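*Asks:*
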Amino acid sequence: MSHPVVHFEVVGKDPARLRKYFGWEFDVPSPVAQEVSEPDSYGFVDLITTPDGSGIRGGIGGGAEYESHAIFYVGVSNVEAALQQAEALGGKRVMGPATSPRGLVVGHFTDPEGTLIGVAGTA
89 MSHPVVHFEV VGKDPARLRK YFGWEFDVPS PVAQEVSEPD SYGFVDLITT
139 PDGSGIRGGI GGGAEYESHA IFYVGVSNVE AALQQAEALG GKRVMGPATS
189 PRGLVVGHFT DPEGTLIGVA GTA
């Protein structure tokens, strides 16, 4: 079963500066899990599409206690099961499952080469 990339994220120590740097329009503050960003420091990007209508939603957040990184999220039906599968295949769980105030569940893992990858779903 294929799983689409559904979201991207840029996290850093100064999210307001990062949002200004990229110059996109953001909905700030946006509700996210504390494990992802300081709740009042996260902003979802308005969807930007190509002429054919394709594009991926994203966000920028973080805060003083968050390590800088960029990550993409793969859509899954069950985040815990996806994290367990990643571990069984040689990856390492980094975070999650964590639930946002709106009920989105996310997790982070590193693949066998150390690349940070996210999974997102409703369970």
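Numbering (this note's numbering), first residue to last: 89 to 211. Every residue, glycine too, gets a C-beta built ideally from N, C-alpha and C. Computed from a predicted structure; not experimentally measured.
(1) Work out the CA separation of PRO92 and PRO127 for me, nearest whole Å.
(2) Per DSSP, LYS180 is paired with what?
(3) Rounded to a whole number of angstroms, what is the C-alpha to C-alpha distance between GLY206 and VAL98?
(4) Beta-carbon within less than 7 Å of GLY209's beta-carbon, same chain only, minus the 5 sequence neighbours each way: which residues are those?
(5) When the Cβ atoms of the stretch 126–141 are set against those of the stretch 101–114, are three or more pairs found closer than 8 Å?
*Replies:* Inspection of the coordinates gives the following:
(1) 26 Å
(2) THR198
(3) 12 Å
(4) GLY163, VAL164, SER165, ASN166, VAL167, VAL193
(5) yes
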